[in-house]
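Peer 1:
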Amino acid sequence: MRSGQLDTPADLLVMDANLQPVVLDWLWVGIRSKESADPPAASGLRAPAKVTVRSWWDERLRAGVYLRADGRLLLIDDVRDFDNQRAEVVITCSELVGQPAEYRPQGGVPVACRVHLTHSAPYLDELGQVTDYKTRAEVAVIEVGRPEEGDQLLIAGTLYNVIAYARDSDDGVVRGLWLKPVV
Numbered sequence: 006m007r008s009g010q011l012d013t014p015a016d017l018l019v020m021d022a023n024l025q026p027v028v029l030d031w032l033w034v035g036i037r038s039k040e041s042a043d044p045p046a047a048s049g050l051r052a053p054a055k056v057t058v059r060s061w062w063d064e065r066l067r068a069g070v071y072l073r074a075d076g077r078l079l080l081i082d083d084v085r086d087f088d089n090q091r092a093e094v095v096i097t098c099s100e101l102v103g104q105p106a107e108y109r110p111q112g113g114v115p116v117a118c119r120v121h122l123t124h125s126a127p128y129l130d131e132l133g134q135v136t137d138y139k140t141r142a143e144v145a146v147i148e149v150g151r152p153e154e155g156d157q158l159l160i161a162g163t164l165y166n167v168i169a170y171a172r173d174s175d176d177g178v179v180r181g182l183w184l185k186p187v188v
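Add 5 to a position in the sequence shown, counting from 1, and you land on the number used in this note's numbering.
1. Quick check on the burial criterion: 16 or more other C-beta atoms within 10 angstroms. Buried or exposed for Trp62?
2. Does the beta carbon of Gln104 come closer than 8 Å to any beta carbon on chain D?
3. In chain order, what residues of the same chain have a beta carbon less than 8 Å from the beta carbon of Cys98, not counting five sequence neighbours either side?
4. Buried or exposed for Thr163, please, with buried defined as at least 16 other CB atoms from any protein chain shown within 10 angstroms of its CB.
5. When you compare the region 150 to 157 with the region 120 to 130, are there three or more beta-carbon pairs, one atom per stretch, that lie closer than 8 Å?
6. What's the call for Met6, buried or exposed, on a 16-neighbour Cβ count within 10 Å?
7. How is Gln25 classed by DSSP in three states: helix, strand or coil?
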């Protein structure tokens with residue numbers, strides 16, 4: 006691999022026990038979007054198209070670790086040492102994309118984050134029946150931890166209260182929330 010291909014500095018991140026990001030180190034990477042004739046539109050915080058990243062071999066590069074570079078947040082899905090020389094690796098990542106927002110925890114410090122917002126999402130009761138349509142947001146757990154009722158999100162100049170956790174939506178990477186605009 007030519008060093009000119011590794012042109013982007015990236016932070017290597019993990020989550021600690023308190024769901025806070027910890028920067029392990031930084032490294033040079035080359036980020037390329039995978040070619041696709043017709044990538045589907047994003048329907049959540051995870052972009053449907055995968056991203057390919059090249060880097061020098063590092064034992065800390067493994068599935069479940071994050072890379073943050075040029076304002077992008079990438080979750081490592083797979084790391085391949087294709088020539089088995091421990092020299093360079095090809096990494097497949099999921100990109101977490103959304104609009105810029107600010108998470109405001111009760112009694113905490115505001116944090117910049119990214120949010121995927123869906124207006125008029127079907128709200129289900131305990132029996133799985135649609136009872137209402139509300140605003141739903143997806144946030145990255147590594148950026149905001151696990152928001153709770155009463156916390157707030159400032160999205161595109163509109164302040165929202167978190168009114169509930171969207172059941173079955175927390176997969177350890179992304180968490181779904183039900184929101185209500187503050188009037």
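All C-beta atoms in this analysis are idealised placements derived from N, C-alpha and C, irrespective of residue type, glycine included. Because the structure is a prediction, the values reported are computed rather than measured.
Peer 2: Put simply:
1. Taking the sequence shown and counting its residues from 1, one reaches residue 62 at position 57. It counts as exposed.
2. Of the protein chains in this structure there is only one, and it is not chain D.
3. The sequence position of residue 98 within the sequence shown is 93, counting from 1. Excluding sequence neighbours, Cys98 sits near Lys55, Val56, Thr57, Val58, Leu72, Leu79, Leu80, Ile81, Asp82.
4. Taking the sequence shown and counting its residues from 1, the one referred to as residue 163 is at position 158. Burial call: exposed.
5. no
6. As a first step, residue 6 is located in the sequence shown; it is residue number 1 there, counting from the start. Bear in mind that a pLDDT of 49 at Met6, under 50, signals an unreliable position, so the number given afterwards is only what the model happens to contain. Burial call: exposed.
7. Residue mapping note: residue 25 aligns to position 20 of the sequence shown, counting from 1. Residue state, collapsed to three classes: coil.
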